[in-house]
Amino acid sequence: MTPFILVGSIELENSENALKERIGVSSLEYAQLVADRINEYLYYRYQDTKIWATADIILEFLSFDENSNLSRYLSEVKEHYKDYYYVICLNDKGQVIASSDQGIIGTHLSSEKGFWEAMNGNSYIQDVEYNRVALGYTIVFYVPVKSNSGKVVGVLSSALKWSKVHEMVYKLQIRGKEQDVRNHIMVTNKDGLIISCFNPHEMFRDNLIQLGMNSAKYASKG
Numbered sequence: 001m002t003p004f005i006l007v008g009s010i011e012l013e014n015s016e017n018a019l020k021e022r023i024g025v026s027s028l029e030y031a032q033l034v035a036d037r038i039n040e041y042l043y044y045r046y047q048d049t050k051i052w053a054t055a056d057i058i059l060e061f062l063s064f065d066e067n068s069n070l071s072r073y074l075s076e077v078k079e080h081y082k083d084y085y086y087v088i089c090l091n092d093k094g095q096v097i098a099s100s101d102q103g104i105i106g107t108h109l110s111s112e113k114g115f116w117e118a119m120n121g122n123s124y125i126q127d128v129e130y131n132r133v134a135l136g137y138t139i140v141f142y143v144p145v146k147s148n149s150g151k152v153v154g155v156l157s158s159a160l161k162w163s164k165v166h167e168m169v170y171k172l173q174i175r176g177k178e179q180d181v182r183n184h185i186m187v188t189n190k191d192g193l194i195i196s197c198f199n200p201h202e203m204f205r206d207n208l209i210q211l212g213m214n215s216a217k218y219a220s221k222g
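Numbering (UniProt numbering), first residue to last: 1 to 222.
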């Protein structure tokens, strides 16, 4: 899935034995718990998107959604799950032809790497970043929509609210207490940028690799 790196308040390394020596088994278990929760959550949201892409209504109205039947379906999906900024369907040119958010219809996303990956038959998960369409931080899934003959005819995409994942991190208590400066867990992306932390002011601002934190360097190479 998406390459997240978990870093505790004491420096961590990629080697499990080194982790145990530096921070103790219990701290490692907290980090592993968060990693497992994130991976499980993202896996099921990714599977949701793949399932939606196979719905009969997608193929039926992919070329022309004159009466907004497909958009209504996508809106119902979004309202049911509550985890997404939007769920959209793109034609083979990269134009949004149906959306849970009416304001997005007509937008061209052909410049997105995920769109072309999906058009080539590959599902794609975009790393956490600020989404100019959603106006918030997201993880975006791109899944190919295939005809009955197996030809890729469009793309289904969903923008997952990063706040849902962040909540799993900062709400985790360590030894029965809320996280603080001395005891906390941070999540970085593969480049070392903090994408989740108990202190929201550090998110999407501080980079642990640039700050010289060895654990982030080791983890990014892992």
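Backbone N, C-alpha and C define an ideal beta-carbon position, used for all residues, glycine too. Predicted model, so just to flag it, every value in this text is computed and none were measured.
Here's a check: name, in chain order, each residue in its chain whose Cβ is nearer than 6 Å to the Cβ of Lys78, leaving out the five neighbours to either side. Indexing the sequence shown from 1 puts residue 78 at position 78. These residues qualify, in order along the chain: Tyr84, Val87, Ser100.
Here's a check: name, in chain order, each residue in its chain whose Cβ is nearer than 8 Å to the Cβ of Tyr46, leaving out the five neighbours to either side. Stepping through the sequence shown from its first residue, residue 46 is reached at position 46. Excluding residues within five positions, the ones whose Cβ falls inside 8 Å are Met1, Ser123, Ile125, Phe141.
Helix, strand or coil: which one does DSSP assign to Glu40? As a first step, residue 40 must be located in the sequence shown, where it is residue number 40. In this structure, Glu40 counts as helix in the three-state DSSP scheme.
If you draw a straight line from the alpha carbon of Phe204 to that of Val181, how long is it in whole angstroms? On the sequence shown, position 204 is the one that residue 204 refers to. On the sequence shown, position 181 is the one that residue 181 refers to. So the alpha carbons of these two residues sit roughly 18 Å apart.
Provide the residue span of the beta strand (DSSP E) that contains Ser157, from first to last. The residue labelled residue 157 in the question sits at position 157 within the sequence shown. Per DSSP, Ser157 belongs to the beta strand (DSSP E) from 152-161.
In DSSP terms, what Cys89 is bridged to: Numbered from its first residue, the sequence shown carries residue 89 at position 89. Per DSSP, Ala98, Leu156.
Determine the burial state of Ile32: buried for a count of at least 16 other Cβ atoms within 10 Å of its Cβ, exposed for fewer. Taking the first residue of the sequence shown as 1, we reach residue 32 at position 32. Going by the sequence as given, residue 32 is Gln instead of Ile. With fewer than 16 other Cβ atoms within 10 Å, it is exposed.
Identity of the residue in Val165, Ile185, Val143, Glu60 nearest Ile174 by Cα: Here residue 174 refers to the residue found at position 174 when the sequence shown is read from its first residue. Nearest of Val165, Ile185, Val143, Glu60 to Ile174, Cα basis: Ile185.
Would you mind working out which of Ile97, Ser163, Asn199, Asn148 sits nearest Val128, comparing C-alpha positions? Counting from 1 along the sequence shown, the entry for residue 128 is found at position 128. Nearest option by C-alpha distance: Ser163.
Inter-residue spacing [alpha-carbon to alpha-carbon] between Asn69 and Gly150: Translated into positions along the sequence shown, residue 69 becomes position 69. Translated into positions along the sequence shown, residue 150 becomes position 150. When rounded, the distance between both Cα atoms is 23 Å.
Asn120 to Val152, Cα distance in whole Å? Position 120 of the sequence shown, counting from 1, holds the residue named residue 120. Position 152 of the sequence shown, counting from 1, holds the residue named residue 152. Distance between the alpha carbons of Asn120 and Val152: 7 Å.
Taking the beta strand (DSSP E) that Phe141 belongs to, which residues open and close that run? Working through the sequence shown from its first residue, we reach residue 141 at position 141. Unbroken beta strand (DSSP E) run through Phe141: 136-146.
Beta carbon of Ile38 nearer than 8 Å to that of Val145: Along the sequence shown, read from residue 1 onward, the residue named residue 38 stands at position 38. Along the sequence shown, read from residue 1 onward, the residue named residue 145 stands at position 145. Contact: no.
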